[in-house]
Amino acid sequence: MPSSHLLLEEPIRMVSILEPSKPSFFPAMTKIVGTLGPKSRSVETISNCLKAGMSVARFDFSWHDPEYHQETLENLKVAIKSTKKLCAVMLDTVGAEMQVVNKSEKAISLEANGQVVLTPDAGQEASSEILPINFDGLAKAVKKGDTIFIGQYLFTGSETTSVWLEVSEVKGQDVVCIIKNTATLAGSLFTLHASQIHIDLPTLTEKDKEVISTWGVKNKIDFLSLSYTRHAEDVRQAREFLSKLGDISQTQIFAKIENVEGLTHFDEILQEADGIILSRGNLGIDLPPEKVFLFQKSALYKCNMAGKPAVLTRVVDSMTDNLRPTRAEATDVANAVLDGSDAILLGAETLRGLYPVETISTVGRICSEAEKVFNQDLYFKKTVKYVGEPMSHLESIASSAVRAAIKVKASVIICFTSSGRAARLIAKYRPTMPVLSVVIPRLKTNQLRWSFSGAFEARQSLIVRGLFPMLADPRHPAESTSATNESILKVALDHGKALGVIKSHDRVVVCQKLGDASVVKIIELED
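Each step along the sequence shown adds one to the number in the UniProt record's numbering, with nothing skipped, and position 303 is 303.
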């Protein structure tokens with residue numbers, strides 16, 4: 001596993017630190033996932049989020065109903081149309097999440113060294129003495145001395161809005177706890193996390209299945225974020241469920257690793273999932289603080305070598321209420337990029353934060369600066385060594401395209417693809433220039449009607465670092481003549497020029513399939 005200091009270009013010139021960031025069409029190669037909610041659901045705000053660099057919109061079903069999220073999604077569609085910026089949709093399941101229900105929504109004050117009872121009795125009113133929870137098996141799962149955490153969005157950085165409890169005794173189905181810090185819980189719903197304890201709840205609940213088969217199918221979701229993934233079998237079961245739902249059988253499953261159980265089975269989960277989300281809020285509670293950096297570096301490295309997108313959460317918590325991140329948070333974002341993260345996921349910061357657009361913009365600028373000092377040469381060598389020999393045909397083409405692009409200082413790599421796999425493999429080698437993924441639609445039929453594939457594949461690359469998709473004209477077949485390919489290439493080059501990433505006299509590396517052969521070619525543009 002590489003140490004992060006090795007992934008820095010040496011030396012970093014002081015002048016580059018003092019130079020202001022230059023605006024470009026791509027705020028950064030690293031992608032940004034924004035969670036849409038009360039503070040970020042109007043057409044105007046979503047449009048500004050897209051312009052600031054958000055490429056995936058996350059809908060968190062652990063709060064609010066499908067109708068509310070549908071309204072937000074309709075606004076997203078309007079924003080996409082007006083800004084002409086592609087955006088993928090991610091549905092985040094509730095999963096095995098324990099919650100404290102506060103029906104009255106009155107603020108609950110808890111005093112340090114006092115006692116509070118956690119009860120599965122839903123009829124109880126939440127108060128400073130008793131907190132009703134949505135799970136009747138907690139008393140069987142915990143013992144005296146165990147740690148329990150309760151808060152909204154697990155706000156570990158602000159202990160006045162979240163509370164640490166220590167189990168004092170178990171009485172029947174009730175759990176009596178000692179309060180470790182003074183806190184005020186405000187809102188209708190709080191997450192409850194029992195540290196390093198197995199909770200016997202299904203990863204995909206009946207409520208999750210209902211939401212996926214209705215809201216998910218209706219909106220043809222691009223990504224399913226599988227909360228509290230603990231075993232590879234969780235991913236297999238979710239995929240089997242999706243396979244029966246027709247239109248979303250292509251939906252990619254991102255396993256959300258939230259506790260030690262998920263980390264223990266990480267390698268098997270990675271094999272089954274399409275990508276990984278490291279939920280650092282929950283993991284930061286489950287793990288000792290001194291171990292957090294280690295699991296992050298290890299997990300990101302494994303994702304990189306497998307060529308699967310890795311998404312990191314909880315980077316700029318303080319921007320929920322502040323216009324600027326802390327020094328530690330800014331450094332954390334940069335380290336996430338240097339460690340190999342494909343995307344940064346913003347939760348509370350955009351969902352209920354005061355500055356959703358500014359947060360996306362700030363994170364994008366930090367990512368962009370970190371990418372400038374990422375040691376691509378070393379990363380490339382390590383990846384090639386890890387893949388080993390003999391390489392597969394596609395892997396060989398992808399690594400050759402990246403090597404050629406770097407040697408000739410190409411401004412962009414253009415990749416023709418129908419499934420998106422070739423473009424993702426190129427991105428795996430982390431080229432320093434953007435990869436324009438030209439998705440060529442394929443005609444398919446279900447015996448009742450004809451349709452084109454391609455839209456899913458294009459949007460699903462919006463979470464991969466360095467990959468920027470465009471859909472080709474469906475009248476051009478995937479396996480085509482060189483003349484047809486030349487016409488698609490011209491469209492791709494014109495697209496790149498319009499975006500400002502390709503200029504006169506630039507060199508461009510093109511990766512395409514001609515018949516049975518894959519070709520990497522270098523072209524030099526004229527005026």
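We put the CB at the ideal spot given by N, CA and C, even for glycine.
Everything numeric in this text was worked out from a predicted model, so none of it was measured.
If you draw a straight line from the Cα of residue 44 to the Cα of residue 260, it comes to about 40 Å.
Judged by DSSP secondary structure, residue 241 falls outside any beta strand (DSSP E) and instead within the alpha helix (DSSP H) spanning 232–243.
A straight-line Cα-Cα distance of about 22 Å links residue 311 and residue 455. One thing to note: residue 274 has its Cβ within 8 Å of the Cβ of residue 252. Using a Cβ-Cβ distance cut-off of 8 Å, the segment 109–119 and the segment 128–135 are in contact, since at least three pairs of beta carbons, one from each stretch, lie closer than that value.
If the five residues before and after residue 204 are omitted, its C-beta is found closer than 6 Å to the C-beta atoms of 238, all from its own chain and listed in chain order.
Secondary structure within the UniProt domain "Pyruvate kinase C-terminal" (395–514): the alpha helix (DSSP H) runs of 4 or more consecutive residues, fully enclosed, are 421–428, 455–460, 482–499 (chain order). Measuring C-alpha to C-alpha distances from residue 206 to each of 150, 93, 464 identifies 93 as the nearest. In this structure, residue 247 lies near residue 220, with their beta-carbon atoms less than 8 Å apart. Comparing alpha-carbon positions, the option among 350, 168, 27, 412 lying closest to residue 38 turns out to be 350. Looking at the DSSP output, residue 149 shares a beta bridge with 164, 193.
By the C-beta criterion, the segment 420–439 is judged to be in contact with the segment 372–382, since at least 3 inter-stretch pairs fall below 8 Å. The C-alpha of residue 334 lies about 13 Å from the C-alpha of residue 326. Its Cα nearest to that of residue 225, the residue 61 stands out among 406, 61, 99, 168. Between the alpha carbons of residue 416 and residue 392 lies a gap of roughly 18 Å. Residue 316 sits in coil when the DSSP states are folded into three classes, being neither helix nor strand. The beta carbon of residue 511 is closer than 6 Å to those of 401, 415, 520 in its chain, skipping five residues each way along the sequence. Judged by DSSP secondary structure, residue 225 falls within the beta strand (DSSP E) whose first and last residues are 223–226. Of 137, 149, 150, 96, the smallest CA-CA separation from residue 170 is found for 137.
With fewer than 16 other Cβ atoms from the protein chains shown falling within 10 Å of its own Cβ, residue 107 counts as exposed.
Under DSSP, residue 59 shares a beta bridge with 91.
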